[in-house]
Amino acid sequence: MVELSEMIRELRAQLTAAAAAGADEALKFDVGPIEIEVTVAVTKEGGANGRVRFWVVEAGGNGKYSTSETQRISLTLQPTMTGPGGTATTARISGAEVDGER
Numbered sequence: 019m020v021e022l023s024e025m026i027r028e029l030r031a032q033l034t035a036a037a038a039a040g041a042d043e044a045l046k047f048d049v050g051p052i053e054i055e056v057t058v059a060v061t062k063e064g065g066a067n068g069r070v071r072f073w074v075v076e077a078g079g080n081g082k083y084s085t086s087e088t089q090r091i092s093l094t095l096q097p098t099m100t101g102p103g104g105t106a107t108t109a110r111i112s113g114a115e116v117d118g119e120r
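At position 1 of the sequence shown the residue is numbered 19 (my numbering), and the sequence of numbers has no breaks.
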């Protein structure tokens with residue numbers, strides 16, 4: 019199983035890689051809302067520093083957490099890029115915006 023936070027980090031890394039790979043392409047894509055629906059197993063560690071963790075259940079998993087309670091959750095992420103001065107703009111899978119593109 020993969021932690022939910024790790025899955026989101028990997029999604030971010032792959033979107034960043036796609037943006038870098040498309041920097042010199044003529045065809046550009048805006049990244050719209052990303053809808054993710056996953057089945058997660060929820061575990062809670064005991065003790066004073068206990069915490070709740072969400073594990074994404076993988077298809078064909080080894081059954082390590084087969085006795086855990088599972089839940090389906092849906093997330094909608096709106097990717098943005100933070101520019102100079104902290105302004106947020108729509109993320110692009112392309113690199114720089116071309117004059118007159120929008």
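Here a beta-carbon is modelled for each residue, glycine too, at the ideal position from N, C-alpha and C. Quantities reported herein were computed from a predicted structural model and do not represent experimental measurements.
Worksheet item: Roughly how many whole angstroms lie between the Cα atoms of Glu-76 and Gly-104?
Response: In the sequence shown, residue 76 corresponds to position 58, counting from 1. In the sequence shown, residue 104 corresponds to position 86, counting from 1. Taking the straight line joining both Cα atoms gives about 37 angstroms.
Item to complete: Find the nearest neighbour of Leu-95 within the set Ala-109, Gln-89, Gly-101 and Glu-87, judged by alpha-carbon distance.
Response: Stepping through the sequence shown from its first residue, residue 95 is reached at position 77. Answer by Cα proximity: Ala-109.
Worksheet item: DSSP beta-bridge partners for Thr-61?
Response: Taking the first residue of the sequence shown as position 1, residue 61 is located at position 43. Answer is Arg-71, bridged to Thr-61.
Discussion item. Using 8 angstroms as the threshold, is the C-beta distance between Phe-72 and Val-60 below it?
Written reply: For the purposes of this step, residue 72 is taken as residue 54 along the sequence shown, with counting starting at 1. For the purposes of this step, residue 60 is taken as residue 42 along the sequence shown, with counting starting at 1. In contact: Phe-72 and Val-60 (Cβ atoms closer than 8 angstroms).
Fill in: Test item: CB-CB of Val-58 and Thr-98 under 8 angstroms
If you number the sequence shown from 1, residue 58 lands on position 40. If you number the sequence shown from 1, residue 98 lands on position 80. No; because the gap between Cβ atoms is not below 8 angstroms, this pair is not in contact.
Worksheet entry | Residues that DSSP places opposite Gln-89 in a beta bridge | On the sequence shown, position 71 is the one that residue 89 refers to. Beta bridge pairing from DSSP links Gln-89 with Val-58.
Worksheet item: Tell me the DSSP bridge mates of Leu-95?
Response: Looking up residue 95 in the sequence shown gives position 77. Leu-95 is bridged to Ile-52.
Worksheet item: For Ile-111, is the classification buried or exposed, using 16 other Cβ atoms within 10 angstroms of its Cβ as the cut-off for buried?
Response: Here the question's residue 111 lines up with position 93 in the sequence shown. So Ile-111 counts as buried.
Worksheet item: Between Leu-45 and Ala-38, what straight-line distance do the alpha-carbon atoms span, to the nearest angstrom?
Response: Taking the sequence shown and counting its residues from 1, one reaches residue 45 at position 27. Taking the sequence shown and counting its residues from 1, one reaches residue 38 at position 20. If I take the Cα positions, the gap works out to 13 angstroms.
Worksheet item: Counting along the chain, where does the alpha helix (DSSP H) carrying Ala-35 start and finish?
Response: Taking the first residue of the sequence shown as position 1, residue 35 is located at position 17. Taken as a continuous stretch (DSSP letters only), the alpha helix (DSSP H) holding Ala-35 covers 22-39.
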